[in-house]
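A short write-up of the structure that comes next.
Chains as they are written, first to last, in our numbering: chain S, 214 to 416; chain W, 10 to 387.
Structure follows, in structure tokens:
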């Protein structure tokens, strides 16, 4: 297996998904941006990938790469996808921006047999100290927007996510944690990880 | 210029051919023989795998990238089609045919009826978008093209592109559908009916038997065009271009002259249209569009029109297009997703309404070039 040269340039959470993705899978990437992950998967893993992206310019970027990407809104459009029509559904850094993350999560595991979900961890120590000591909503390198202009309307922590997954009877089949773009351990991840990647399936 | 045009009379600019057919029309009529006027650009490669069919809109023609013989104007889609353009004629063999029912050299109501040696007029059979496509398929057979690399169209051209994919899925590798729809809505039909009634209310129409005499229903046709032209523009675009500005005068005249610039503009659009278009063709083609509903043969389930398709689709809509609004493109996207098809879709922003697809939007060109490219593969 040759690895596409640009695969190295993927965002760290996308690189984890790229590495874990089986060859030839059918993948739906929700919030696929300009198609960075999809094009890497297509080149190096012969993945049959589709994308959904809200932003028309980024959507045009992806389509101009020859990727089958549809402009749309995950809050409403996921209902139109057929059940079990994909091997994997990917949602990277988009879950906190949805209206009802719990319902979106249900949709992911209805449409796909498995899902990859990545999100920034609001319980990272730097976020905590910023809130506790500064008394203000945190603005960090990972969460650079201010409270009023962030697209993230449902901030969550790694422990929050685990609780939702358990409540919904979904099963975690893989988990990765990132700090400063590097892998970090599961132990104390809710405090030390800036970012989490979960692989999920029906219970 | 076609590299083959010197050797093979089938290829080149301003071609016309009489084909035996028959075109099996949806109305049940077998129409034969029939004329098709068309143009080709670029060179068909040895295995005929680089052919792109461009489908024109209601009042369009085959002069997609060459000067119109009657008006002298440049081809209507030179922003998209030509050497080095998104539909690159250095790489692709590009074909555009005048649709059946029209008046630029393909069989239509102004053609001679071999049974009477007179123009058909209203004896021409009522046709559908599917019939236009079936006629084009026979032309492709004549040209030795089995499969299309792509079929591309905006507005009614997009309807043909979708119909191509639905009727001949094995012959279409890619379909690009711009500012279009899978069915004509009540509002679409209503506007067309206004246009048809304007033509038929013109005393010069004479039940369509106005050929060869000095009077044609140009007033009715001009009004039809004026009404339709409004639907091609956005309110925002009209306001920006004309506002309430007066036409070459400082004051209102308190009469019914074209006081406002927008009136003068529409009158000009109407009258210039009558110089290049036949009123009966306008009746027949608008009828074909109104009958168009791809889900109709499938109990209203649009996804079934594309079941099992291997065609790759690219849909583009414009946010100010209220003639075929984004919701219609989304409906097609949902159906194609339901059919498991490979589909791309983008709604682009433009102030120009439905006509945006003809006005060189850079994002559209980038998307089409990418979609027609090597698929991103090295």
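Positions of the beta carbon are idealized from the N, C-alpha and C atoms, including for glycine.
For residue 11(W), count the other beta carbons within 10 Å of its own beta carbon; 16 or more makes it buried, fewer makes it exposed. Which is it? The predicted model places residue 11(W) with a pLDDT of 42, which falls under 50 and marks its position as unreliable, so this point remains unresolved.
Using only CA atoms, which one of 355(W), 187(W), 279(W), 109(W) lies nearest to residue 143(W)? 109(W)
Residue 182(W): first and last residue of the uninterrupted beta strand (DSSP E) it sits in: First-last for residue 182(W): undefined, no H or E at that position.
Nearest candidate by alpha-carbon position, reference residue 63(W), set 340(W), 160(W), 301(W): 160(W)
Tell me the residue span of the alpha helix (DSSP H) that contains residue 373(S). 371-380
On the DSSP letters alone, give me the boundaries of the beta strand (DSSP E) that residue 333(S) sits inside. 325-333
Can you confirm whether the stretch 272-287 of chain W touches the stretch 97-107 of chain W when touching is taken to mean that 3 or more C-beta pairs between the two stretches lie within less than 8 Å? no
Are residue 68(W) and residue 251(W) close, meaning C-beta to C-beta below 8 Å? no
Identify the contact partners of residue 295(S) in chain W, using a Cβ-Cβ distance below 9 Å as the criterion. 346, 347, 349
Judging by CA-CA distance, which residue of 313(S), 274(S), 282(S), 299(S) is the nearest neighbour of residue 289(S)? 313(S)
Starting from the beta carbon of residue 343(W), find every residue of chain B whose beta carbon is closer than 7 Å, and list them in chain order. In the structure shown, chain B does not exist; the protein chains are S and W.
Determine, using beta carbons only, whether residue 355(W) comes closer than 8 Å to chain S. yes
Helix, strand or coil at residue 16(W) [DSSP, three-state]: coil
DSSP on residue 265(W), reduced to helix/strand/coil? coil
Would residue 258(S) pass as a contact of residue 282(S) if the rule is Cβ separation under 8 Å? no
Could you please tell me which residues of the stretch 285-319 of chain S, in chain order, have their CB closer than 9 Å to any CB of chain W? 285, 290, 293, 294, 295, 298
Can you confirm whether residue 215(S), when its beta carbon is compared against all beta carbons of chain W, has any partner nearer than 8 Å? Reliability fails at residue 215(S), whose pLDDT of 42 lies under 50, so the model's placement of it is uncertain and the value that follows must be treated cautiously. No, residue 215(S) lies away from the interface with chain W (no Cβ there is under 8 Å from its Cβ).
Helix, strand or coil, according to DSSP, for residue 337(S) in the structure here? coil
Closest to residue 343(W) by CA distance: which of 346(S), 293(S), 232(S) is it? 293(S)
Which residues, in chain order, does the stretch 362-379 of chain W contribute to contact with chain S at a C-beta distance below 8 Å? 372, 375, 376, 378, 379
Given that residue 272(S) touches chain W, what residues does it touch there, using C-beta distances under 7 Å? 355
State yes or no: is the beta carbon of residue 352(W) nearer than 8 Å to at least one beta carbon in chain S? yes
Which residue marks the beginning of the alpha helix (DSSP H) containing residue 292(W), and which one marks its end? 288-300
Using only alpha-carbon positions, find the residue among 356(S), 331(S), 397(S) that is nearest to residue 245(S). 331(S)
Distance check for residue 226(W) and residue 212(W), CA to CA, integer angstroms please. 7 Å
Alpha-carbon to alpha-carbon, residue 50(W) and residue 93(W): 13 Å
To the nearest angstrom, how far is the alpha carbon of residue 8(W) from that of residue 124(W)? This structure gives no information on residue 8(W), because the portion of chain W shown stretches from 10 to 387.
Between 38(W), 34(W), 23(W), which has its C-alpha nearest residue 46(W)'s C-alpha? 23(W)
Nearest to residue 131(W) by CA position, among 290(W), 358(W), 314(W), is which residue? 290(W)
Three-state secondary structure assigned by DSSP to residue 278(S): coil
Going by other Cβ atoms of all chains shown within 10 Å of its Cβ, with 16 needed for buried, is residue 232(S) buried or exposed? exposed
Can you pull the chain S residues whose beta carbon is under 8 Å from the beta carbon of residue 358(W), in chain order? 269
Residue 299(W), buried or exposed, once every other Cβ within 10 Å from all chains shown has been counted against 16: buried
Can you list, in chain order, the residues of the stretch 326-349 of chain S whose Cβ is nearer than 9 Å to any Cβ on chain W? none
Using only CA atoms, which one of 202(W), 156(W), 162(W), 377(W) lies nearest to residue 180(W)? 156(W)
Restricting to Cα atoms, I'd like to know which of 341(W), 322(W), 44(W), 329(W) is closest to residue 158(W). 322(W)
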